[in-house]
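Colleague:
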Amino acid sequence: MDSVTLYCTAALLAGGIYWFVCVLGPAERKGKRALDLSGGSISAENVKDNYNQYWSFFRKPKEIETAEKVPDFVDTFYNLVTDIYEWGWGQSFHFSPSIPGKSDKDATRIHEEMAVDLIKVKPGQKILDAGCGVGGPMRAIAAHSKAHVTGITINDYQVKRAKLHNKKAGLDHLCDVVCGNFLQMPFDDNSFDGAYSIEATCHAPKLEEVYAEIYRVMKPGSLYVSYEWVTTD
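Our numbering puts the first residue of the sequence shown at 973, with every later residue one more than the last.
1. Over the uninterrupted alpha helix (DSSP H) stretch that includes Lys1132, give me the two end residues.
2. Can you tell which of Lys1132, Asn1138, Ser1064 has the C-alpha that lies nearest to the C-alpha of Tyr969?
3. Taking the continuous beta strand (DSSP E) assigned at His1120, which residues delimit it?
4. Tell me the residue span of the alpha helix (DSSP H) that contains Lys1191.
5. So, do the region 1125–1140 and the region 1079–1096 have three or more beta carbon pairs nearer to each other than 8 Å?
6. When the Cα atoms are used, what is the spatial distance from Gln1097 to Glu1017?
7. Looking at Cys1147 and Ala1114, is the spacing between their C-beta atoms short of 8 Å?
8. Please confirm if the region 1162–1169 is in contact with the region 1133–1144, defined as three or more CB-CB distances below 8 Å between the two stretches.
9. Taking 8 Å as the cut-off, decide whether the C-beta atoms of Cys1174 and Ala1134 are in contact.
10. Opposite Ala1102 in the DSSP bridges: which residues?
11. Which residues mark the beginning and the end of the beta strand (DSSP E) in which Ser1169 is found?
12. DSSP beta-bridge partners for Gln1156?
13. For the alpha helix (DSSP H) that contains Leu1146, what are its first and last residues?
14. For Trp1201, tell me which candidate among Ala1102, Phe1067, Lys1094, Phe1164 has the shortest Cα-Cα distance.
15. Among the residues of its own chain, which have a CB less than 6 Å from the CB of Gly1108, if the five just before and after it don't count?
16. So, with DSSP's three-state summary, where would you put Thr1204?
17. Taking Leu1090 as the reference, give the member of Tyr1196, Met1110, Leu1100 with the closest Cα.
18. Please name the residue, chosen from Arg1111, Phe1154, Lys1118, Asp1160, that lies closest to Arg1136 on a Cα-to-Cα basis.
Right under this line is the structure:
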């Protein structure tokens, strides 16, 4: 790419971001511009340092291919984007198929409920949300199935946000969230009656590692469902 094309592309991106953040306004947090958000877990004076830390991983891409480096990479990413994701995307950080006659919000909820229907859990049983974010799917699934859902996320700020949302929704008796690495989960073997992950296992350096850990904490014969982006030849 030549320099003129690069500058033009950068200018278009900058203009688009400015329009989206400063002018267009939020999709989910009504009456609030992105610039008015609290900044999440990062104080204003530390945003630049966190941004530089995040991009430093790309200067040494081989380092983030190891399980030891991935938690820092993912944690830094979500420190930077969690508030803006909630602001513009809502509490479910994933895509879902559109359904004729249904709103995007309803289509997302139905997509999430399908996951728990597939794993066939019963009210009162325990299921795992591996990579739960701020818990949008967890709350939809708990309300739909009446199962107890435990979510795990690497990011402590997301734990706080998820617990706040759980309480506001009146679902904290069915939903719990822990901070941890889904490659090394703090749960005993055979703990859960089912498990799911929704666009989360992409953060694992090797899918076999996260799937093996999920398998470890599931009871024999229980089911696991994953929604994930894939590419084809």
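The beta carbon of each residue, even a glycine, is placed where N, CA and C say it ideally should be.
Modeller: To lay it out plainly:
1. Position 160 of the sequence shown, counted from the first residue, corresponds to residue 1132. Looking at the DSSP string, the run of the alpha helix (DSSP H) that includes Lys1132 is 1128–1140.
2. Past the boundaries of the shown model lies residue 969; the chain is included only from 973 to 1205, so the question cannot be answered.
3. Counted from its first residue, the sequence shown places residue 1120 at position 148. 1120–1125 is the extent of the beta strand (DSSP E) around His1120.
4. Counting from 1 along the sequence shown, the entry for residue 1191 is found at position 219. No alpha helix (DSSP H) holds Lys1191; the beta strand (DSSP E) holding it covers 1190–1199.
5. no
6. Residue 1097 sits at position 125 when you count from the first residue of the sequence shown. Residue 1017 sits at position 45 when you count from the first residue of the sequence shown. Going from the Cα of Gln1097 to the Cα of Glu1017 covers about 45 Å.
7. Residue mapping note: residue 1114 aligns to position 142 of the sequence shown, counting from 1. Residue mapping note: residue 1147 aligns to position 175 of the sequence shown, counting from 1. Going by C-beta atoms, Ala1114 is nearer than 8 Å to Cys1147.
8. no
9. For the purposes of this step, residue 1174 is taken as the residue at position 202 of the sequence shown. For the purposes of this step, residue 1134 is taken as the residue at position 162 of the sequence shown. Not a contact, by the Cβ cut-off of 8 Å.
10. In the sequence shown, counting from the first residue as 1, residue 1102 sits at position 130. Note: Ala1102 sits in a beta bridge opposite Ile1124.
11. Within the sequence shown, the letter at position 197 stands for residue 1169. Where Ser1169 is concerned, the enclosing beta strand (DSSP E) stretches over 1164–1170.
12. In the sequence shown, residue 1156 corresponds to position 184, counting from 1. Paired residues: Asn1153.
13. In the sequence shown, counting from the first residue as 1, residue 1146 sits at position 174. It is not in any alpha helix (DSSP H) - Leu1146 carries neither H nor E in the DSSP assignment.
14. Stepping through the sequence shown from its first residue, residue 1201 is reached at position 229. Selected option, being the one with the closest Cα: Phe1067.
15. Indexing the sequence shown from 1 puts residue 1108 at position 136. Hits under 6 Å: Gln1063, Ser1064.
16. Along the sequence shown, read from residue 1 onward, the residue named residue 1204 stands at position 232. Reduced to three states, the DSSP call for Thr1204 is coil.
17. If you number the sequence shown from 1, residue 1090 lands on position 118. Nearest of Tyr1196, Met1110, Leu1100 to Leu1090, Cα basis: Tyr1196.
18. In the sequence shown, the residue the question calls residue 1136 occupies position 164. For clarity, residue 1136 is Leu in the given sequence; the question names Arg instead. Looking at the Cα atoms, Arg1111 is the closest of the given residues.
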